[in-house]
Each structure stands twice: as C-alpha cells, then as structure tokens.
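> A single structure is presented below for examination.
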Amino acid sequence: MGMGPARVSRNDSFEAEALPHMRSLYGTAYRLTRNAHDAEDLVQETLLRAYRSFDRYTPGSNMRAWLYTILHRTRTDSLRRRGRSPETVVLAGDGPGVAGGQEGAATGHDIARALEELPEVFRTAVVLRDVEEFSYQEIARIVETPIGTVMSRICRGRALLRQRLKGTA
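Just so you know, the numbering used here puts 1017 at position 25 of the sequence shown, and the rest follows in order with no gaps.
Written out as structure tokens, the structure reads:
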C-alpha cells in the first residue's frame, strides 16, 4: 500500500511541471559551472530541492523562475561550501567596447568561450537575461538582488563580452 493517490499525484504534478525545464536548467548550469559533471550535479541537486519543497510551489505561478531561483541558491551554497564567493571585477570605463555590427563577426564558439571567462555574477546575469530571456524583475527575484544591481551586472557583463570578443572580429 505505502503510496497513496496524493503521493502519486504529487509525483505526477512535479514531473509535469518541472521536468520540461530540465534541458534549459542544464544549459544554464553548464554555462555557470563550465563543467558537464558539475552541471549535472547542480541540476540534480536543484531538482531534488525543488521536489522536497514542491508543496510550497503555487500551482499556476512561474515554475521556470521558481526552478532558476533554486538553481541559483544551490550554486551559491555550493560555492560557499568550497570557500569561494562569486567574483566581481571593476571595469575601466563603461563605454561600448565594440562598434555596432562587429559582434556578428564572432562565432558561437567565440561567444561561448568569452561567456565562460566572465566573472560568475556577470555570467549569471547575462545568461539569465540574454540566453534564458528572463525579465529584469524575474532575475532580481532569482538572484535575490535589487533590480538596479541586476541591470548593472548585465550592462557590465555585456561590456566584458564585447571587450573579449573585440579580438575575434
């Protein structure tokens, strides 16, 4: 007997709501960790935490943003356990690094490599905005940071990307 209808219903609901996001979670996890094994571990831990707290998820709300919030917290917890913190850098000037149109000369591989080289806080913000297409408000909730800080990180992250891609044009 052990598993009653409520248990099966919860499992089915979780699978139906969360699992369609697994591929994009993995893509983001890979961009953050820069390692397939670490990305798999991060997604697995994210889904485990999501399942354990699924009773707190409000059906009909934004499952994708909820999962990305858990992913971000899981990544942050992992870095803290290792005694690291997300990196930041100070940019010398915020002006555009590449004139319009030149970014198109960079290949997908160049962009992926440049993205991997960004300090984590900027990489996270740029990936959530430009790859996963979250709104600024959603990103602010996911990373638990004021929206102005999120906008600044996206701007600085894009500037760093342009700087890195300048040599590939």
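For each residue, glycine too, the CB sits at the ideal point set by N, CA and C.
Between which two residues does the alpha helix (DSSP H) holding His1064 run?
Here residue 1064 refers to the residue found at position 72 of the sequence shown. Per DSSP, His1064 belongs to the alpha helix (DSSP H) from 1055-1073.
> If you reduce the DSSP assignment to three classes, tell me which class Ser1144 lands in.
For the purposes of this step, residue 1144 is taken as the residue at position 152 of the sequence shown. Here Ser1144 sits in helix by DSSP.
> Pull up the distance between the alpha-carbon of Leu1071 and that of Glu1112, whole angstroms please.
Sequence index remark: in the sequence shown, residue 1071 carries index 79 (1-based). Sequence index remark: in the sequence shown, residue 1112 carries index 120 (1-based). If you take the alpha carbons of Leu1071 and Glu1112, they lie about 11 Å apart.
> So the alpha helix (DSSP H) Gly1052 belongs to, where does it begin and stop?
Residue 1052 sits at position 60 when you count from the first residue of the sequence shown. Run containing Gly1052: none; DSSP gives neither H nor E here.
> State the Cα-Cα distance for the pair Arg1044 and Pro1051, rounded to the nearest angstrom.
In the sequence shown, the residue the question calls residue 1044 occupies position 52. In the sequence shown, the residue the question calls residue 1051 occupies position 59. Straight-line Cα distance between these residues: approximately 15 Å.
> Below 8 Å, how does it come out for the segment 1121-1133 and the segment 1004-1023: are there three or more Cβ pairs, yes or no?
yes
> Could you give the distance in angstroms between the alpha-carbon of Arg1056 and the alpha-carbon of Leu1011?
Start at 1 with the first residue of the sequence shown, and residue 1056 comes out as number 64. Start at 1 with the first residue of the sequence shown, and residue 1011 comes out as number 19. Answer to the nearest angstrom: the Cα atoms are 10 Å apart.
> Let me confirm a value: Gly1149 is counted as buried when at least 16 other C-beta atoms fall within 10 Å, else exposed. Which label applies?
Position 157 of the sequence shown, counted from the first residue, corresponds to residue 1149. It counts as buried.
> Could you check if Leu1040 is buried or exposed, using at least 16 other CB atoms within 10 Å of its CB as the buried criterion?
Reading the sequence shown from its first residue, position 48 is the one you call residue 1040. The residue is exposed, with fewer than 16 neighbouring Cβ atoms inside 10 Å.
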